[in-house]
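Input: a single structure, listed below in structure tokens.
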Amino acid sequence: MKKIFILMTLLFLNACTSHVWEYEPEAKQKYPPIKQAVLMVQPLTDERPTSRFMEWSAPLALLPFVPYSKTRVVSHPDKSFVRFAGNPAEKLAEAVADELAVHSLFSTVIYNNPSQKSDYILSGKLKKFRVKSYWSFYGASLAGIALWYLGAPAEKIYNDVCIEFILSDKNNKVYFQKEYTASTSRLLGFYYNQNKLQFEEAVKRINLQLVNDLLPIIKKLQ
Numbered sequence: 047m048k049k050i051f052i053l054m055t056l057l058f059l060n061a062c063t064s065h066v067w068e069y070e071p072e073a074k075q076k077y078p079p080i081k082q083a084v085l086m087v088q089p090l091t092d093e094r095p096t097s098r099f100m101e102w103s104a105p106l107a108l109l110p111f112v113p114y115s116k117t118r119v120v121s122h123p124d125k126s127f128v129r130f131a132g133n134p135a136e137k138l139a140e141a142v143a144d145e146l147a148v149h150s151l152f153s154t155v156i157y158n159n160p161s162q163k164s165d166y167i168l169s170g171k172l173k174k175f176r177v178k179s180y181w182s183f184y185g186a187s188l189a190g191i192a193l194w195y196l197g198a199p200a201e202k203i204y205n206d207v208c209i210e211f212i213l214s215d216k217n218n219k220v221y222f223q224k225e226y227t228a229s230t231s232r233l234l235g236f237y238y239n240q241n242k243l244q245f246e247e248a249v250k251r252i253n254l255q256l257v258n259d260l261l262p263i264i265k266k267l268q
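For the sequence shown, my numbering gives the first residue as 47, with consecutive numbering after it.
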């Protein structure tokens, strides 16, 4: 058990560096805005479930002939050992505001500025922003660690995002409401992919899909 504890500690320490959020919107479009109006994007409402640190099934991968087991599900990486810096409910709302601005859907897009008048409001609910991982000893129990040192992956990491967006006007009339889900995965080894927090790609997929879905809605706005 002491060896197992040391091993888990080493894996967790690999994740103990703060993640720098690096979301980049698409290149700014050259055409006039589709709607001459002001859109205000609000911070997301955080509805993520309570975080869990370890899965009880994690030690199963130490049994001979068991290929892998779930190691952990971290529902709040901003409040855990993996150290996502900042508030995801705010970071993701800022990202979607930047994306909508460069696509010229509205003449003006502002983020969370109640003092400025707006014609439409984009709000949302953050339902999932989590890290999920599985590890493997390749059916060889602790002897499988030798394969990690030879370059074999130790874990498979998933970054899952789920957001519900709502477009309404200043009178609370709802024009659009939809839930989006995206996920990315990659293999982690002792010598590569140590960053467990790579949510940008999943968030980009969601934001671009939102832009496409809003396009016909905005064209019909009076």
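Note that CB positions come from ideal geometry on N, CA and C, so glycine has one too.
What's the gap between the Cα of residue i and the Cα of residue j?
i    : j    : result
I203 : E72  : 26 Å
F175 : Y226 : 12 Å
S121 : V128 : 11 Å
T230 : N205 : 5 Å
I252 : K178 : 19 Å
Y166 : P95  : 29 Å
Y69  : L243 : 12 Å
K76  : S126 : 42 Å
Taking 6 Å as the limit between beta carbons, can you name the residues of its chain near residue i, skipping five residues before and five after?
i    : result
G190 : F183 and Y184
T154 : V84
E201 : S179, W181 and L234
Given a threshold of 16 other Cβ atoms within 10 Å of its Cβ, counted over all protein chains shown, does residue i qualify as buried or as exposed?
i    : result
F130 : buried
Y195 : exposed
V249 : buried
A192 : exposed
Y157 : buried
I209 : buried
K173 : buried
C62  : Only weak support is given to the placement of C62: the predicted model assigns it a pLDDT of 47, under 50, and the question is left unresolved by the model.
Report, in whole angstroms, the separation of the C-beta atoms of residue i and residue j, which I expect to be a contact under 8 Å.
i    : j    : result
I212 : S169 : 5 Å
Q88  : A139 : 7 Å
K265 : I80  : 6 Å
P134 : D124 : 6 Å
Y237 : W181 : That belief does not hold up - the Cβ atoms of Y237 and W181 are roughly 16 Å apart, past 8 Å.
V257 : E93  : Wrong, their Cβ atoms sit about 23 Å apart, outside the cutoff.
Please go through the same chain and pick out, in chain order, the residues whose beta-carbon is closer than 8 Å to the beta-carbon of residue i, but skip the five residues on each side of it.
i    : result
N159 : M86
- request: Could I get the ranges of all uninterrupted beta strand (DSSP E) runs contained in the region 178-262, with 3 residues as the minimum, in chain order?
  value: 201-215 and 220-234
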